[in-house]
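Heads up: the structure comes next, in structure tokens.
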Amino acid sequence: DVKVTQSSRYLVKRTGEKVFLECVQDMDHENMFWYRQDPGLGLRLIYFSYDVKMKEKGDIPEGYSVSREKKERFSLILESASTNQTSMYLCASSWGETQYFGPGTRLLVL
Amino acid sequence: TQLLEQSPQFLSIQEGENLTVYCNSSSVFSSLQWYRQEPGEGPVLLVTVVTGGEVKKLKRLTFQFGDARKDSSLHITAAQPGDTGLYLCAGGSGGGADGLTFGKGTHLIIQP
Chain C
51 DVKVTQSSRY LVKRTGEKVF LECVQDMDHE NMFWYRQDPG LGLRLIYFSY DVKMKEKGDI
111 PEGYSVSREK KERFSLILES ASTNQTSMYL CASSWGETQY FGPGTRLLVL
Chain F
3 TQLLEQSPQF LSIQEGENLT VYCNSSSVFS SLQWYRQEPG EGPVLLVTVV TGGEVKKLKR
63 LTFQFGDARK DSSLHITAAQ PGDTGLYLCA GGSGGGADGL TFGKGTHLII QP
């Protein structure tokens, strides 16, 4: 069975903190993605990776960075969290064009 | 830029009724996925369609990919409260590495 896990379901951080969101998949997928989901805006792609150590900017990469040191793990980093980064963060991995999502991390930045 | 328009945005119906959700674009997609998302959870894949005109059935759910691969529909027969959720369509443009184009979703509520 397909499995994508995210390190935290809920997270509360202060403005200016560095935040790490971890995502792990056990399906040996090449491609991994980070999205944020906000009411009325849908899912927006932040970054994606098609191989270890490779990364590509999505539609809204500003304020974020990523790391992919191992095939199964894709990390999203908020260098200095801001209140406008309060959101639901979703990680996905894909085989072909079908993406499989983790349960999401709801991040609140105060 | 590819866009996927979903309609309706919100739908509230009684248990036992039928409904159809639409996903439309001016762009051609190589595949189309439908997901259901419950509050506080990640989207869960329902189906992938890849051939123009393709119809797939999943119990009471019927998915259709348009002949020109620009649109899709999801039809639910005899809706149940367990069908409540956010339904998302997403189109692929080939390869998989570039990600999907997502619609903004249809919020469906089935009242007992």
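Residue numbers (the numbering used here), protein chains in the order written: chain C, 51 to 160; chain F, 3 to 114. Beta carbons: idealized from backbone N, C-alpha and C, even for Gly.
Query raised in the report: Any idea which residues DSSP pairs Gln113(F) with across the strands?
Result: Gln16(F)
Query raised in the report: With a Cβ-Cβ cutoff of 9 Å, do Gly154(C) and Gly101(F) count as a contact?
Result: no
**Report entry** Residue of Tyr100(C), Arg86(C), Leu160(C) and Val102(C) minimising C-alpha distance to Tyr114(C)
**Finding:** Arg86(C)
Query - Three-state class that DSSP yields for Gln82(F) in the structure shown - result: coil
Query - Contacts around Lys103(C), its chain only, beta-carbon distance under 8 Å, and the 5 residues preceding and following it disregarded - result: Arg118 and Glu119
Query raised in the report: So, Gly42(F) versus Arg59(C), is the Cβ gap smaller than 9 Å?
Result: yes
Query raised in the report: Going by Cα to Cα distance, which pick from Ala70(F), Gln82(F), Glu40(F) and Lys59(F) is closest to Leu76(F)?
Result: Lys59(F)
Query - Rounded separation between Glu80(C) and Pro114(F) - CA only - result: 43 Å
Query - Neighbour flag for Gln149(C) against chain F, beta carbons, 9 Å - result: yes
Requested in this report: Could you tell me whether any Cβ in chain C is nearer than 9 Å to the Cβ of Thr53(F)?
Outcome: no
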